[in-house]
Structure formats: C-alpha cells, structure tokens
Amino acid sequence: MLAIRDLHVYYGGIHALNGVSLDVPDGQIISLIGANGAGKSTTLKAIMGLVAKTEGHIYWDDTDITSMKTKDIVGEGIILCPEGRKIFPDLTVEENLSAGAYLRKDKSEIAKDREWVYSLFPRLKERTWQLGATLSGGEQQMLAVGRALMSKPKLLMLDEPAAGMNKAEKQDLVKLITKIRDELGITVMLVEHDMDVIMTIADMIAVLNYGSLLAFGTKEEIQNDTAVIEAYLGNGD
Ligand code: ATP
0 MLAIRDLHVY YGGIHALNGV SLDVPDGQII SLIGANGAGK STTLKAIMGL VAKTEGHIYW
60 DDTDITSMKT KDIVGEGIIL CPEGRKIFPD LTVEENLSAG AYLRKDKSEI AKDREWVYSL
120 FPRLKERTWQ LGATLSGGEQ QMLAVGRALM SKPKLLMLDE PAAGMNKAEK QDLVKLITKI
180 RDELGITVML VEHDMDVIMT IADMIAVLNY GSLLAFGTKE EIQNDTAVIE AYLGNGD
C-alpha cells in the first residue's frame with residue numbers, strides 16, 4: 000500500500016502541497032480531482048521522486064521511498080505515465096515499448112510482455128514500426144500506457160490520460176484501466192478532469208484543494224460531501 004504522510008512541496012515561493020496525507024488501497028482505481036493548480040500532478044510527481052519534498056514521508060508497503068531516486072522508485076514497481084503522452088517521437092512503437100523495460104534484464108520475458116501489451120492494444124500491434132510522432136493522439140496515449148506497463152508496475156499513475164481523446168477513445172481507455180485493475184491487479188492512481196470517466200471507473204476519489212486534501216472517499220461519499228460541493232463540484236459544470 001502507498002501511504003503519504005504530511006507531505007509538503009514548494010516550487011520557490013509556491014506552497015504546492017500543504018501537508019497531504021493519503022492511504023492508497025491496493026488493487027483499486029483512485030482518482031485525484033481538484034481545480035487547476037490544486038496540486039494533483041505535483042502529488043504524482045512527488046511519489047515518483049520528481050520534485051523536492053521539504054517535509055513528510057511517502058511509504059510503499061514498509062519501504063520509505065521519500066528520498067529515493069526515481070529509477071529506484073520504478074524498481075519498486077511504481078510508474079508514472081505523465082501528462083501530454085511523453086512518448087519518444089523519433090522511436091518506433093516497438094522501441095518505445097522496449098524503453099519502458101529499461102530497468103529489466105530478462106530479455107525473453109520482455110519480449111513476452113511486449114506481446115502481452117500488443118494483445119491489450121491491437122492497434123499498436125499493427126504499427127510496430129511506425130514512429131511515435133506519426134501516431135494519432137489516442138494511439139500515442141495507448142503507447143504511453145503500454146510503455147508504462149512494460150515496467151511491470153504494481154502502482155500505475157496516469158496523469159490526465161483522457162485529455163484530447165474523443166468519446167470512443169475514452170470508452171476504450173475506461174475499459175483498459177478497468178482491465179488493468181481487474182485482470183492484472185495493478186493499483187491505478189488517476190489524475191483526470193473528465194468527470195464521466197472518473198465516475199465510471201474510480202473506486203475511491205481524493206479531492207485536492209489549494210494543495211490540501213479536502214476529502215477522500217467513495218464516489219457516493221464525495222458527491223454528497225458539502226465541502227467538496229462548495230469547493231469543486233457545485234460550480235455548475
Ligand atoms: P492542473 O489540473 O491544471 O494540471 P494540478 O492540480 O495538477 O493542476 P499542479 O501542476 O500540481 O496542479 O500545480 C500545483 C501548483 O504548483 C500550481 O500553482 C502550479 O502553478 C505550481 N507549479 C507546478 N509546477 C511548477 C513548477 N515547475 N514551478 C513553479 N510552480 C509550479
């Protein structure tokens with residue numbers, strides 16, 4: 000289980016995370032929501048060791064990963080699929096997937112997992128030699144998720160995976176994330192603005208507000224939480 004304890008992150012004078020504590024249960028889909036600038040991406044980056052933490056701790060089971068290097072955090076089974084589908088544009092689909100397994104040495108297992116990723120994303124299988132840059136937006140997103148899966152994560156963090164997707168692509172994404180939880184038992188932490196996507200798949204929702212955790216609960220609990228309605232859900236959209 001991932002446990003965040005009293006986490007503070009500053010960017011210069013900006014106090015982006017102000018004492019966040021959160022227990023992320025295994026094998027569930029947890030969505031982080033909140034207004035622009037609430038600290039959602041910063042939370043994911045902090046878990047991944049990509050921003051400096053000034054106070055607090057992050058535990059992964061019994062291991063304190065707060066000060067670990069990103070590559071070691073990946074080695075612990077945690078991976079972030081960042082916002083904006085940061086795939087390698089000049090590498091082929093196949094090379095992008097192989098890059099996701101860069102910490103692994105088990106060559107035959109890697110090849111097997113690539114086939115497994117292709118079975119999850121048949122569209123990628125048809126495009127193994129196509130350069131990343133020439134894929135459609137939805138295909139690039141699939142490749143980004145596929146590449147993240149190549150590291151065999153136990154915790155997969157997705158930052159706005161539905162951004163720029165059309166309705167059909169969002170439906171595919173919802174199916175895929177559900178499959179990742181149900182068939183692979185991977186815990187998924189999802190930052191997403193699309194409430195339809197969130198309400199379809201999230202088991203638990205964490206609401207961030209100005210760098211603090213406003214609420215954490217099931218969909219029903221969050222929808223009925225007065226503080227959340229006032230701060231976030233009740234603004235008419
Ligand atoms: P959004 O929904 O708009 O992506 P978010 O909830 O993910 O927002 P963060 O990206 O975590 O928010 O940003 C939290 C705060 O930290 C914001 O005020 C943002 O401007 C600031 N911030 C984020 N990254 C940096 C950075 N590298 N340097 C300075 N300030 C930053």
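Here numbering that gives the first Met the number 0 is used: position 35 in the sequence shown is 34, and no number is missing along the way.
Beta carbons are placed, not taken as given, at the ideal position from N, Cα and C, and that holds for glycine.
All values derive from a computational prediction rather than experimental measurement.
Cβ-Cβ separation, residue j to residue i (assumed contact under 8 Å), whole Å
i	j	result
V217	M194	Before going further, note that residue 217 is Thr rather than Val in the sequence given. With a Cβ gap of about 15 Å, T217 and M194 do not count as contacting.
A100	M67	With a Cβ gap of about 20 Å, A100 and M67 do not count as contacting.
Which of helix, strand or coil DSSP assigns to residue i
i	result
M194	helix
Y10	strand
R4	strand
L49	coil
D89	coil
W128	coil
A167	helix
Min CB distance residue i to chain B below 9 Å
i	result
L6	The chain inventory of the structure shown lacks chain B, comprising one protein chain alone.
CB of residue i within 9 Å of CB of residue j, strictly
i	j	result
L172	N95	no
L1	L16	no
L102	I57	no
I64	G38	no
A230	V196	no
V8	A45	yes
8 Å CB neighbourhood of residue i in its chain, flanking five on each side removed
i	result
A201	I28, I29, S30, L189 and K218
Beta-bridge pairing of residue i - partner residues as DSSP gives them
i	result
Y101	DSSP lists no partner for Y101.
E54	H7
D63	Y58
Residues near residue i by beta carbon distance below 7 Å, same chain, minus five either side
i	result
M198	K218
Cutoff 6 Å; reference residue i; Cβ partners in own chain excluding five residues on either side
i	result
K153	G76
C80	A143, V144, A147 and L157
V23	L1 and I29
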